[in-house]
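Below is one structure, written out as structure tokens, with a few remarks after it.
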């Protein structure tokens, strides 16, 4: 039986209920129907589950969803709405009509709906069964993740080529007669992603000082001999799966500090990978990289290596497992994670590299094939 | 005092707490900091509020956010994590350290966090104060909404031009020597939106039979003399605000049924607009259009006019107020809403038109300027 059915039975619940749009990764994972408006999915142990959608969505829902489809009318909502004006209470009544006396809900279940539903049933809050299921990818998910990673590397290639082929005048990069900006590179990358029906936001193309702030998006003309951090995490709209990758490049040689940081960073990343296999904890891999940085004179505090080493990627760009201090559980075969060490020093700049791949029984199957080259 | 401060005081709470990413419209509205990971915002009556973010986000958070910024470390999280392994309980402890004994939370607050926080404080679930605040746009929001509507009309112009300038061979539209498909039109529209840093998903370009299903995305070659429904709702990434518009066109004359449906639809839309002003209810405007359709022989059931007449648009593409049966409250000046009647008949096809604008004291300020033309 699937882990969610197990969790329902173990808690003595009759059914699992989730209320969210398909932007909620758990929801998309559980039934694959895509819509921007919230809807109900409920599942009894051993069954495929049922989604409750508006009449006008039934055709599309039947085609897309792995669950059975019921209309809100069939679930009694029109009837309920004659006497019940509060939308949360109305939805709660509709759900109560479909389940028994005890329901399991995900951690993110809206508290207003839990409160309203609590008048009809006992609510048990699940500890994250669906997030845990999502963390272990099956073969079909792996191939979706590899697909979006390939497309993403195409976009990274566009960015690096633009920088490589630029000319330098008074320290500024030029391309096609005008300054090469963060915005131009983002646009070129996003255009390619668009052709592949991927959505993408918050792509980082930062330069110089800005690279010392890990999530600074970057703007304006790029400069020679300074680190340029490019971090991109698109979503394949057809499947909902994300990729995530980062490269740091420099047009011409950067400062000695940056060269040293980059070379230590590459080693740190390889060191991270060398430890990865089923059974080790994300926390231990993280700690080893922290120790390695320390041995090379780089702290892991408010400067230096300021973030986690990596994270799961799937229907969310950040999901389980965590490769950081809180990732104390064992990694499992099928976990798809990033390894992304970074070093950040205000006044000097920042460098980051990020690859993605799958944990296996004996090691790590790296999806990222893109070369690493600081000076281009 | 702002309505949220009023709500905090009225319920006897010490503070309002929300935990979400900035993809949550309430969160973005309340402090404007953008991040894809969830964080805490808390506010005491009369204060600007404070966001609690990771150390590495503080620089960006201080620049973007309208709230004060505190790191998780300053809020005691590192200390808490030494003994508390459960992430929900750890976040709850961190929040409890910043607020009094009674907290107000939004309806969408995660039930797991509410449960954990309930060990330290009394939780009161708000009825939707922030959604109600969001429904009434101020001047700055209006100009952001008008801006994204202008860009969206540019994209719609691209789509209509492609159809208008296509040639017909054996009933199929051709452009540049190859069949003109739903995908090509979507790509052309999205390219233009990308140049303006807008994100866009699920754009509908459906043709013929598919148009009878309101949310069918559409695919493959477009055909002449059949309705083509184009529905697009991009988000301006810089501001977070959405636009929403729909046009129905046909390359060459469609069937008499479609011609009749379209002409009734146009009238229905104008009729909808003619009733709009502060004080009337969305439900009454909807009902009037239902009655109008009925007088013209079109039902509003499982066929015909199968959805609401309109909805609010802002930081979500669908938000309050509702122009449909459940919209029983009075419309207010500053509500930005769509009016989007549609008629759907399997075997015949569907037509839909959608404009957007702002409710005023005495009428409606329509933002949409794009022409309506069925046959192109």
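Residue numbers (the numbering used here), protein chains in the order written: chain A, 1055 to 1430; chain B, 1055 to 1430.
A virtual CB, placed ideally from N, CA and C, is assigned to each residue, including glycine.
Check: Kindly give me the distance between the Cβ atoms of residue 1096(B) and residue 1149(B), rounded to whole angstroms, as I take these residues to be in contact under 8 Å.; Outcome: 7 Å
Check: Among 1223(B), 1321(B), 1302(B), 1072(B), whose alpha-carbon lies nearest the alpha-carbon of residue 1153(B)?; Outcome: 1072(B)
Check: Alpha carbon to alpha carbon, what distance is there between residue 1099(A) and residue 1187(A)?; Outcome: 16 Å
Check: Report the partner residues of residue 1420(A) according to the DSSP bridge assignment.; Outcome: 1411(A)
Check: Which two residues bound the contiguous beta strand (DSSP E) that contains residue 1158(B)?; Outcome: 1156-1159
Check: Compute the Euclidean distance between the alpha carbons of residue 1276(A) and residue 1245(B), then round it to the nearest angstrom.; Outcome: 24 Å
Check: Just reading off the alpha helix (DSSP H) that residue 1207(A) is part of, what are its end residues?; Outcome: 1193-1218
Check: Is there at least one Cβ from chain B nearer than 7 Å to residue 1087(A)'s Cβ?; Outcome: no
Check: Could you tell me which chain A residues have their CB closer than 7 Å to the CB of residue 1356(B), listed as they occur along the chain?; Outcome: 1109
Check: Leaving out five residues before and five after residue 1121(A) in sequence, what residues of the same chain have Cβ atoms less than 7 Å from its Cβ?; Outcome: 1085, 1095, 1102, 1103, 1104, 1105
Check: What three-state label does DSSP hand residue 1112(A) in the structure shown?; Outcome: helix
Check: If we count the other Cβ atoms within 10 Å of its Cβ and call it buried at 16 or more, is residue 1382(B) buried or exposed?; Outcome: exposed
Check: Cα separation between residue 1289(A) and residue 1064(B)?; Outcome: 43 Å
Check: Enumerate, from N- to C-terminal direction, the unbroken alpha helix (DSSP H) stretches of 4 or more residues contained entirely within the region 1060-1130 of chain B.; Outcome: 1079-1085, 1112-1118
Check: Do residue 1302(B) and residue 1405(B) have their C-beta atoms within less than 7 Å of each other?; Outcome: yes
Check: If you reduce the DSSP assignment to three classes, tell me which class residue 1133(B) lands in.; Outcome: helix
Check: In or out: residue 1368(A) buried (at least 16 other Cβ within 10 Å) or exposed?; Outcome: buried
Check: Hey, residue 1203(A) and residue 1418(A) are a contact pair by Cβ (cut 8 Å); roughly how many whole angstroms apart?; Outcome: Rounded, the Cβ-Cβ distance is 14 Å, inconsistent with contact.
Check: Would you list, in sequence order, the uninterrupted alpha helix (DSSP H) runs of no fewer than 4 residues that lie entirely inside the region 1212-1298 of chain B?; Outcome: 1236-1249
Check: Select from 1146(A), 1196(A), 1195(A), 1185(A) the residue whose C-alpha is nearest the C-alpha of residue 1175(A).; Outcome: 1146(A)
Check: In terms of residue numbering, what span does the beta strand (DSSP E) encompassing residue 1141(A) cover?; Outcome: It is not in any beta strand (DSSP E) - residue 1141(A) instead sits in the alpha helix (DSSP H) that spans 1141-1150.
Check: Is there at least one Cβ from chain B nearer than 7 Å to residue 1267(A)'s Cβ?; Outcome: yes
Check: With respect to the alpha helix (DSSP H) encompassing residue 1325(B), which residues constitute its N-terminal and C-terminal limits?; Outcome: 1310-1329
Check: How would you write the range of the beta strand (DSSP E) that residue 1373(A) sits in, first residue to last?; Outcome: 1373-1377
Check: Would you tell me roughly how many angstroms separate the C-alpha atoms of residue 1314(A) and residue 1385(A), rounded to the nearest one?; Outcome: 31 Å
Check: Which residue from 1397(B), 1341(B), 1270(B) puts its Cα closest to that of residue 1377(B)?; Outcome: 1341(B)
Check: Tell me the rounded alpha-carbon separation between residue 1068(B) and residue 1183(B).; Outcome: 16 Å
Check: Count the C-beta pairs between the region 1124-1134 of chain B and the region 1075-1090 of chain B that are closer than 8 Å, then say yes if the count reaches three, no if not.; Outcome: no
Check: Closest to residue 1155(B) by C-alpha separation, out of 1171(B), 1161(B), 1162(B), would be which residue?; Outcome: 1171(B)
Check: Nearest-angstrom Cα distance between residue 1169(B) and residue 1228(A)?; Outcome: 56 Å
Check: May I ask you to verify whether the region 1328-1336 of chain B touches the region 1349-1356 of chain B, counting CB pairs closer than 8 Å and requiring at least 3?; Outcome: no
Check: Are at least three pairs of beta-carbons, each pair with one atom in the region 1222-1239 of chain A and one in the region 1224-1244 of chain B, less than 8 Å apart?; Outcome: no
Check: For residue 1080(B), which residues in chain A fall below 9 Å Cβ to Cβ?; Outcome: In chain order: nothing, as chain A lies at least about 12 Å away.
Check: Using only the alpha-carbon positions, how far apart do residue 1273(B) and residue 1079(B) sit?; Outcome: 31 Å
Check: Taking the CB atoms as reference points, tell me whether residue 1387(A) and residue 1415(A) lie closer together than 7 Å.; Outcome: yes
Check: What are the residues that DSSP puts in a beta bridge with residue 1167(B)?; Outcome: None; residue 1167(B) has no bridge partner.
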